[in-house]
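Below: one structure, written as structure tokens.
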Amino acid sequence: MQILSDATRKALPASADVRGILGRHILADGFDIVLDMEESRGARLRDATTGRDYIDFFTFYASNPLGMNHDGLAGGSHEAVGFRDRLMDAALNKVANSDVYTPHFARFVETFGRVGIPAELPHAFFVSGGALAVENALKVAFDWKVRKNRAKGYSGERGSKVLHFREAFHGRSGYTMSLTNTDPNKVAGYPKFDWPRISNPKIRGGGVEMREEIALRQARQAVMDHPDEIACIILEPIQGEGGDNHFRPEFLQGLRDLADEQDALLIFDEVQTGVGLTGAFWAWQGLGVTPDIIAFGKKTQVCGILAGPRVDEVDGNVFQTSSRINSTWGGNLVDMVRFDRILEVIEAEDLIGNVNAQGAHLMARLGAMEERFEGVTDARGRGLFCAFDLPDTASRNAVLKAAYDEGLMALGCGPRSIRFRPALTISQADLDAGLEILEGALVTSLEG
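Okay, here's the thing in structure tokens:
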């Protein structure tokens, strides 16, 4: 369907002028396409300047759960039309959700509560941006630990350290820069806290149980070195930018046990893993280890945290005391309305079921690539949250460029991995079409 009127479309800058206009004031060094917002469909992104379609294995850095212009949002059904009416109403005036409430906000929370908020994590807080979601998860933990320590007789504010992991990415603001350690360029030169960082015993090659023992020993040593100071342990259930690093449930349970023993909160950063792509709504649900707090973002459109009952062990915690955590907008009402409808579509179309079916197909295809190409190794994944390795950074980048040149948009992660972040809606036909392009790029780059 046509979304913009002809008059509105004519009032926008021509696609050929977009990069020049942006380049006057911003570093416009992103992809060289100009996205056609109307004509892009599902897993196909159209370049408005050339009319060329690209198969989308990147989904705006894993943030677009349904692909482009899904009928449930952009179509002509009663539900889709009603959604767009609500979206326009929410967009005309930007409301300070933190203290001014609306039926749109309530409808979103009701839907999220039914589809995505688990009983184990009933407390919610909303904010704009994944890094700020992580920041507020840390603030919950700091507040909790300081109050715990005061009850033990400490004066002052003891309890403000964070145990975290190598190859972690938790954002690029404030506290999170002390945790992120993937690309040094992203945090170099900015002030950081000296918080304990331990090894990440990812499932890669042999000896994983020994690496887990080493990491847990390092964690216990950090607790001994900083008595009553560690407020929380934070980890991505699968480290995304760091290299699609998976962890065994047994290791995550070891962290859970340590957090319980040492009066620390266990935080899972689900900004990238959340909302179905791993084959469960939240990755922790598929791994079987329950955190005390999760941070969410990307596919959720609005960002924030969910927290469980351990927070209520202290009176006056941040969910009981006004303005301990807060922001003017309290998230973004437009994003809430959009995610409300996305949740309905995920539920109605059993998209997590599609993820598991297509994920099995994807892993089978990646296994075949491992057999065919000597340079393709360590295919891994949960659901459609998949990746494989190439021999080095240069060969990985060459494959990505060759694939892009042939019409596939995908991203790397870690020093030499290619990651898959398709929409929850992707069909086997689109998956296979993208994989055919990728295989051609592997031939060109590895065998050419």
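If you're matching positions, the sequence shown starts at 24 in our numbering and goes up one per residue. C-beta: ideal position from N, C-alpha, C; glycine also.
(1) Under the assumption that F81 contacts N120 (Cβ atoms under 8 angstroms), give the Cβ distance between them as a whole number of angstroms.
(2) Could you have a look at F106 and say whether DSSP puts it in helix, strand or coil?
(3) Please classify G471: is it buried, with 16 or more other beta-carbons within 10 angstroms of its beta-carbon, or exposed?
(4) What's the C-alpha gap between L202 and G376?
(5) Fully enclosed by the region 32 to 82, which alpha helix (DSSP H) runs are 4 residues long or longer?
(6) Buried or exposed, going by whether 16 or more other CB atoms sit within 10 Å of the CB of N172?
(7) Determine the burial state of I26: buried for a count of at least 16 other Cβ atoms within 10 Å of its Cβ, exposed for fewer.
(8) Report the partner residues of V210 according to the DSSP bridge assignment.
(9) Taking the straight line between their C-alpha atoms, what separation do you get for N208 and D112?
(10) Give me the Cα-Cα distance between A245 and F362, rounded to the nearest whole angstrom.
(11) Within a Cβ cutoff of 7 angstroms, which residues of the same chain sit near N355, ignoring the five residues on either side of it in sequence?
(12) Starting from the Cα of L186, find the closest Cα among G430, A426, L278, N420 and give me that residue.
(13) If you follow the beta strand (DSSP E) that G435 is in, where does it begin and where does it stop?
(14) Going by other Cβ atoms of all chains shown within 10 Å of its Cβ, with 16 needed for buried, is P260 buried or exposed?
(15) Just list the residues that DSSP pairs G404 with in beta bridges.
(16) Have a look at G437, V163, S345 and flag the residue whose alpha-carbon is nearest the alpha-carbon of C255.
(17) Are the Cβ atoms of A318 and G136 separated by less than 8 angstroms?
(18) Under 6 angstroms Cβ to Cβ from F291, same chain only, skipping five residues before and after it: list those, please.
(19) Could you give the distance in angstroms between the alpha-carbon of F131 and the alpha-carbon of I449?
(20) Can you tell me whether R442 is buried or exposed? The criterion is at least 16 other CB atoms within 10 Å of its CB, across all chains shown.
(21) Would you mind sorting G404 into buried or exposed? The rule is 16 or more other CB atoms within 10 Å of its CB.
(22) With DSSP as the reference, label Q295 as helix, strand or coil.
The structure says:
(1) Locating residue 81 in the sequence shown gives position 58, where the first residue counts as 1. Locating residue 120 in the sequence shown gives position 97, where the first residue counts as 1. 30 angstroms between Cβ atoms; not a contact.
(2) As a position in the sequence shown, residue 106 is number 83, starting the count at 1. Helix, per DSSP.
(3) The residue labelled residue 471 in the question sits at position 448 within the sequence shown. Per the 10 Å Cβ criterion, exposed.
(4) Along the sequence shown, read from residue 1 onward, the residue named residue 202 stands at position 179. Along the sequence shown, read from residue 1 onward, the residue named residue 376 stands at position 353. Cα-Cα distance, rounded: 34 angstroms.
(5) 41 to 46
(6) In the sequence shown, counting from the first residue as 1, residue 172 sits at position 149. Buried, by the Cβ-count rule.
(7) Residue 26 sits at position 3 when you count from the first residue of the sequence shown. That one is exposed.
(8) Within the sequence shown, numbered from 1, the residue matching residue 210 stands at position 187. None, per the DSSP bridge assignment.
(9) Counting from 1 along the sequence shown, the entry for residue 208 is found at position 185. Counting from 1 along the sequence shown, the entry for residue 112 is found at position 89. Their Cα atoms are separated by approximately 41 angstroms.
(10) As a first step, residue 245 must be located in the sequence shown, where it is residue number 222. As a first step, residue 362 must be located in the sequence shown, where it is residue number 339. So the two alpha carbons sit approximately 39 angstroms from each other.
(11) Along the sequence shown, read from residue 1 onward, the residue named residue 355 stands at position 332. Excluding residues within five positions, the ones whose Cβ falls inside 7 angstroms are S151, V325.
(12) Taking the first residue of the sequence shown as position 1, residue 186 is located at position 163. Closest option to L186, Cα to Cα, is L278.
(13) For this step, residue 435 is matched to residue 412 along the sequence shown. In the DSSP assignment, G435 falls within the beta strand (DSSP E) that extends over 434 to 436.
(14) Looking up residue 260 in the sequence shown gives position 237. Counting Cβ neighbours within 10 Å, P260 comes out buried, since at least 16 surround it.
(15) Stepping through the sequence shown from its first residue, residue 404 is reached at position 381. Paired residue(s): C409.
(16) Residue 255 sits at position 232 when you count from the first residue of the sequence shown. Comparing Cα positions, the closest option is V163.
(17) Position 295 of the sequence shown, counting from 1, holds the residue named residue 318. Position 113 of the sequence shown, counting from 1, holds the residue named residue 136. Result no, Cβ atoms of A318 and G136 do not sit closer than 8 angstroms.
(18) Sequence index remark: in the sequence shown, residue 291 carries index 268 (1-based). Correct list, in chain order: P260, W307, P314, I317.
(19) Counting from 1 along the sequence shown, the entry for residue 131 is found at position 108. Counting from 1 along the sequence shown, the entry for residue 449 is found at position 426. Taking the straight line from one Cα to the other gives about 25 angstroms.
(20) Here residue 442 refers to the residue found at position 419 of the sequence shown. Counting of Cβ neighbours within 10 angstroms places R442 among the buried residues, the total reaching 16 or more.
(21) Within the sequence shown, residue 404 is the residue found at index 381, counting from 1. Buried is the call here.
(22) Locating residue 295 in the sequence shown gives position 272, counting from the first residue. Coil.
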